[in-house]
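The structure appears below as structure tokens.
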Amino acid sequence: MHTLSERISAGELRTGQRLGSESAIAAEFGVSRGTVRQALQDLQRLELIATRAGVGSFVTFDGQPLDADAGWARALTAAGAEVTTEILAITLEQPAARPPELAGRDVVVVSRRRLLAGRPVSYERATIPATGQLRDLPTTGLVDDSLTATLRAAGLAPGHGTQDVRVTATSPEVAAVLEHEPGTPFLHTTRTSYTRSGELVEHVESYLDPAHFSLHLTFGEPA
Numbered sequence: 001m002h003t004l005s006e007r008i009s010a011g012e013l014r015t016g017q018r019l020g021s022e023s024a025i026a027a028e029f030g031v032s033r034g035t036v037r038q039a040l041q042d043l044q045r046l047e048l049i050a051t052r053a054g055v056g057s058f059v060t061f062d063g064q065p066l067d068a069d070a071g072w073a074r075a076l077t078a079a080g081a082e083v084t085t086e087i088l089a090i091t092l093e094q095p096a097a098r099p100p101e102l103a104g105r106d107v108v109v110v111s112r113r114r115l116l117a118g119r120p121v122s123y124e125r126a127t128i129p130a131t132g133q134l135r136d137l138p139t140t141g142l143v144d145d146s147l148t149a150t151l152r153a154a155g156l157a158p159g160h161g162t163q164d165v166r167v168t169a170t171s172p173e174v175a176a177v178l179e180h181e182p183g184t185p186f187l188h189t190t191r192t193s194y195t196r197s198g199e200l201v202e203h204v205e206s207y208l209d210p211a212h213f214s215l216h217l218t219f220g221e222p223a
């Protein structure tokens, strides 16, 4: 508890920033989850943190959970799905309208679609900062054809983020990529991830075929 209290007081943990899960904190400090739970209760009594029941969500493909941190290509393969990834374009663009953290800055946009038995099931546009080695991606390409591996090689690993999901009718442009009729309902997800220090990692907009993709929600902490 003392270490967490010092981090909060020193500003290393900002107001509104999520702490790691109980299991992650337990692993970091080499203690049990019970010890972590007690420490969090003590910090709450000191009004250093506010806690709430655990809530999480993840996208599934044909009922199999996909780990965004590990990369969907690897997660799909692990789930036994015969899905191939097609890189449509990697471009350097300016300015970025979204996310606001990158507005007015050069960005790299990676456009991909995933195919199941030759039929498109998803279309994704990932926007990342055009800094350091990432700026050269239009000519160098992705590390092992993986955006996750490319970002990690550049020192960017997601620590937290947000994801919004809604159903939307595909525009003519998106429908052409997905080889569907315009106006076809698709899951539209918007995910923005940051490093633990708050640096933006990527902003991804995805269109997912609801015949295969769904959103799974978990809540509460197990006893």
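Each step along the sequence shown adds one to the number in full-length UniProt numbering, with nothing skipped, and position 208 is 208.
Using N, Cα and C, we set each Cβ at its ideal position, and we do this for glycine too.
For V165 and T192, believed in contact at Cβ under 8 Å, the rounded distance: No, T192 and V165 are not in contact; Cβ-Cβ is about 13 Å, not under 8 Å.
Quick check on L187: buried or exposed, where buried means 16 or more other Cβ atoms within 10 Å of its Cβ? That one is buried.
Under 9 Å, do Y194 and G161 count as touching if we go by C-beta distance? Pairing Y194 with G161 gives a Cβ-Cβ distance under 9 Å.
How many Å lie between V55 and R196 at the Cα? Caution applies to V55, whose pLDDT of 49 falls short of 50 and renders its modelled position unreliable; the value that the coordinates give is listed next. For V55 and R196, the distance between alpha carbons rounds to 19 Å.
Enumerate in chain order the residues of its own chain whose CB-to-CB distance from P182 is below 7 Å, with the five nearest sequence positions on each side excluded. Within its own chain, the residues whose Cβ lies closer than 7 Å to the Cβ of P182, once the five positions on either side in sequence are excluded, are T170, S171, P172, A175, listed in chain order.
Below 8 Å CB to CB, which residues in the same chain sit around I90 once its five sequence neighbours on both sides are set aside? Residues of the same chain with a CB within less than 8 Å of the CB of I90, apart from the 5 flanking positions on each side, are V108, V109, V110, S111, L137, P138, G141, L142 in chain order.
Along the chain, where does the alpha helix (DSSP H) containing E173 start, and where does it finish? In the DSSP assignment, E173 falls within the alpha helix (DSSP H) that extends over 172–178.
Should A53 go down as buried or exposed, given a rule of 16 or more other Cβ atoms within 10 Å for buried? At A53 the pLDDT is 49, less than 50, meaning the model places this residue with poor confidence and gives no usable figure here.
Find out if the Cβ-Cβ distance for the pair L156, E199 is shorter than 9 Å. Yes, these two residues count as a Cβ contact at 9 Å.
If you count every other CB in all the chains shown that lies within 10 Å of the CB of T150, and 16 or more means buried, which is it? Taking all protein chains in view, the Cβ of T150 is crowded by 16 or more other Cβ atoms within 10 Å, so the residue is classified as buried.
Using the DSSP secondary-structure output, state which residues sit across from H188 in a beta bridge. R166, Y207.
Measuring alpha carbon to alpha carbon, tell me which residue in P129, S122, A117 is nearest A103. Looking at the Cα atoms, P129 is the closest of the given residues.
Option nearest V121 by Cα separation, candidates D106, E179, R152: Considering only D106, E179, R152, the residue with the shortest C-alpha distance to V121 is E179.
Residue span of the beta strand (DSSP E) that contains P120, given as start and end: For P120, the enclosing beta strand (DSSP E) has its first and last residue at 119–129.
Using 9 Å as the threshold, is the C-beta distance between R113 and V201 below it? No, they are not a contact pair.
Using 10 angstroms around the beta-carbon of L147, count the other beta-carbons present and answer buried if the total reaches 16, otherwise exposed. With 16 or more other Cβ atoms from the protein chains shown falling within 10 Å of its own Cβ, L147 counts as buried.
Should V167 be labelled buried (16 or more other beta-carbon atoms within 10 Å of its own) or exposed? Here V167 is exposed, its C-beta having fewer than 16 other C-beta atoms within 10 Å.
Extent of the continuous beta strand (DSSP E) to which L116 belongs: For L116, the enclosing beta strand (DSSP E) has its first and last residue at 107–116.
Nearest-angstrom Cα separation, counted from G118 out to I25: Their Cα atoms are separated by approximately 43 Å.
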